[in-house]
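Visitor:
Chains as they are written, first to last, in our numbering: chain Z, 41 to 231; chain L, 41 to 231.
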């Protein structure tokens, strides 16, 4: 693995574990096992390296969410696949976590990939729901954009509740509750 | 205001703004305008002071949530009052925020008030929903505990989405979507 790659991966891990403010350049160098000179050869500094790491993490999340949302099945089944996909719930979301870091959200550059990722996610879920409506699977009265925001929020908020409890049960309950509500919007013919 | 009170309030503000790892004892002393000796007279250290601050914040949140949930109206209206209550959305939740701090969730003592607050919140929303079912206002098939976790997660996740976008719109959309789904569970007689 190249030095640059080791730096990006170490930063991804540290940001997830400790957040931006809790991640020192020294910790990144130690975890990557590279010297300070190498870091400044590839990156202008912590912020530049964090940007590369956040972009990479967001890209990976987008791919794994899209694998569920673009899979086979009805709109309900695809949203269910996204909500129920394997997650390391107690670690939380590496992108959602960044929104709690003041230095990240106050930097337009560092906030951009978070905004882009969640904007894409809400848009993609809304598309799936709208498709389900066009196919007559879901009630026409459902607001795809609002419901998509609800689905994305349930996952992010589920992490918060699970971490507070040090237990995945509240995450699972929140997902189960959301799916039951969404199931009530499945038309009798499609259900 | 007593020195002790100034220390607690300053710590509440700093934890909300910067998180636990981002809050130094020095910053607390500066904001409270007290000397180091005074702090150690009242508190054993940062962790002890943070515990007092987190407990206080959790207590306040509980009171304001309960004011909505124990208010007048149907179960739907009370949950709606909770979801729609005035919030400084872009500041996020001072308690939810703490779940992203590794030092907080890894300390059983500091995590306890977060667990207690969200556990109480889910329980109280579930009670309101179960009451609505007993009164015939809500569909009997609704799972009160799971739906309560969904409602609590929508608020916490709504903050995450709003902070990523630097815009309250995704929070409002998530709440609107959740309320529309819940409204579909209101029985025709009650609705």
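Even glycine gets a Cβ: it sits at the ideal position worked out from N, Cα and C.
Considering only residues of the same chain and omitting the five flanking positions on each side of residue 67 of chain L, which have a CB-CB separation below 7 Å?
Guide: These residues qualify, in order along the chain: 54.
Visitor: Contact criterion: CB-CB distance below 8 Å. Does residue 73 of chain L meet it with respect to chain Z?
Guide: No, its Cβ sits nowhere closer than 8 Å to a Cβ of chain Z.
Visitor: Taking residue 53 of chain Z as part of the alpha helix (DSSP H), name the residues at either end of that continuous run.
Guide: Note, residue 53 of chain Z: alpha helix (DSSP H), 43-58.
Visitor: Look up residue 182 of chain Z in the DSSP assignment and say whether it is helix, strand or coil.
Guide: In this structure, residue 182 of chain Z counts as coil in the three-state DSSP scheme.
Visitor: Helix, strand or coil for residue 226 of chain L, going by three-state DSSP, please let me know.
Guide: Of the three classes helix, strand and coil, the one that applies to residue 226 of chain L here is strand, per DSSP.
Visitor: Do you know whose CA, among L:220, L:126 and L:101, lies nearest residue 179 of chain Z's CA?
Guide: Ranking L:220, L:126 and L:101 by Cα distance to residue 179 of chain Z puts L:220 first.
Visitor: Note down, in chain order, every chain L residue with its Cβ under 7 Å from the Cβ of residue 203 of chain Z.
Guide: Within 7 Å Cβ-Cβ: 139 and 145.
Visitor: What residues from chain L crowd round residue 120 of chain Z, counting only those whose CB sits closer than 7 Å?
Guide: None at all; the shortest Cβ gap to chain L is about 14 Å.
Visitor: Enumerate in chain order the residues of its own chain whose CB-to-CB distance from residue 211 of chain Z is below 7 Å, with the five nearest sequence positions on each side excluded.
Guide: 129, 198, 199, 201 and 202, listed in sequence order.
Visitor: Tell me which residues of the segment 80-98 of chain Z have at least one Cβ-Cβ distance to chain L shorter than 7 Å, keeping chain order.
Guide: Residues passing the 7 Å Cβ filter: none.
Visitor: Would you say residue 200 of chain L faces chain Z, with C-beta separation under 8 Å as the test?
Guide: It does: the Cβ of residue 200 of chain L has a partner Cβ on chain Z nearer than 8 Å.
Visitor: Could you list the residues in the segment 183-199 of chain L with a C-beta less than 7 Å from some C-beta on chain Z, going in chain order?
Guide: Within the segment 183-199 of chain L, the residues whose Cβ lies closer than 7 Å to some Cβ of chain Z are 183, 185, 186, 187, 189, 190, 192, 193, 194, 195, 196, 197 and 198, listed in chain order.
Visitor: Could you name each continuous alpha helix (DSSP H) segment of 4 residues or more that falls completely within the segment 95-135 of chain L, going from the start of the chain to the end?
Guide: Within the segment 95-135 of chain L, the complete alpha helix (DSSP H) runs of at least 4 residues are 115-124.
Visitor: For residue 146 of chain Z, count neighbouring Cβ atoms within 10 angstroms of its own Cβ and tell me buried if that reaches 16, exposed if not.
Guide: Looking at its Cβ environment, which holds fewer than 16 other Cβ atoms inside 10 Å, residue 146 of chain Z is exposed.
Visitor: Beta carbons nearer than 8 Å to chain Z: which residues of the segment 153-172 of chain L have them?
Guide: Here the close residues are 154, 155, 157, 158, 159 and 162.
Visitor: Around the C-beta of residue 162 of chain L, are 16 or more other C-beta atoms found within 10 angstroms, so that it is buried, or is it exposed?
Guide: By the 10 Å Cβ count, residue 162 of chain L comes out buried.
Visitor: Just curious, the alpha helix (DSSP H) that residue 157 of chain L is in, first and last residue?
Guide: Unbroken alpha helix (DSSP H) run through residue 157 of chain L: 148-174.
Visitor: Using a Cβ-Cβ cut-off of 7 Å (strictly less than) and excluding sequence neighbours within five positions of residue 132 of chain L, which residues of its own chain qualify?
Guide: Contacts found: 199 and 203.
Visitor: When you compare the segment 65-84 of chain L with the segment 102-115 of chain L, are there three or more beta-carbon pairs, one atom per stretch, that lie closer than 8 Å?
Guide: With the cut-off at 8 Å, the segment 65-84 of chain L and the segment 102-115 of chain L do not touch.
Visitor: Whose CA, out of L:156, L:144, L:186 and L:155, lies closest to the CA of residue 169 of chain L?
Guide: The residue with the shortest Cα to Cα distance from residue 169 of chain L is L:186.
Visitor: Would you report the Cα separation of residue 225 of chain Z and residue 157 of chain L, rounded to the nearest angstrom?
Guide: Their Cα atoms are separated by approximately 32 Å.
Visitor: Under 8 Å by Cβ, that's how I've got residue 283 of chain L and residue 136 of chain L pegged, so tell me the actual separation to the nearest angstrom.
Guide: There is simply no residue 283 of chain L to check, as chain L begins at 41 and stops at 231 in what is shown.
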